[in-house]
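Novice: Numbering (this note's numbering), first residue to last: 4 to 111. Virtual Cβ for every residue (Gly too), placed ideally from N, Cα, C.
#1: Just confirm the distance between the C-beta atoms of residue 44 and residue 71, as a whole number of angstroms; I'd bet it's less than 8 Å.
#2: Does the region 64 to 84 come close enough to the region 7 to 15 to have 3 or more Cβ pairs within less than 8 Å?
#3: To which residues does DSSP link residue 102 through a beta bridge?
#4: I need the straight-line Cα distance from residue 89 to residue 6, nearest angstrom please.
#5: Mapping DSSP to helix, strand and coil, what is residue 88?
#6: Output the distance between the C-alpha atoms of residue 51 and residue 22, rounded to the nearest integer angstrom.
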């Protein structure tokens, strides 16, 4: 199993730092910490390390944007099949103070 990936969200920001998956063939469990204000946490991926990053859509064919978690947290969300190894997360608003999200690669 790959080591956890820690992702920083700076205070007042609505986009996390970018990350690279060691094993993009594995599912991802995302730990969303307690957020100061409720937020919609959305993963974005890119086909290249420099972007552009685009929203991940739900796999049900609805065309709706996939959300890892919507609320104040803490919570765990599952990304069953990341499309590319380069990603980041966006928030519907500022999560407040500095936050650290954790990604765990897992077989599903």
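Specialist: In this structure, then:
#1: Position 41 of the chain shown holds residue 44. Position 68 of the chain shown holds residue 71. Indeed they touch by this definition, with Cβ atoms about 5 Å apart.
#2: Segments in contact, no.
#3: The count along the chain shown starts at 1 and reaches residue 102 at position 99. Beta-bridge annotation (DSSP): residue 102 is paired with 12.
#4: Locating residue 89 in the chain shown gives position 86, where the first residue counts as 1. Locating residue 6 in the chain shown gives position 3, where the first residue counts as 1. Cα to Cα, residue 89 sits roughly 16 Å from residue 6.
#5: As a working note, residue 88 is residue 85 in the chain shown. Here residue 88 carries a coil assignment [DSSP, helix/strand/coil].
#6: Residue numbering aside, residue 51 sits at position 48 when the chain shown is read from its first letter. Residue numbering aside, residue 22 sits at position 19 when the chain shown is read from its first letter. Near 12 Å, if we compare the C-alpha coordinates of residue 22 and residue 51.
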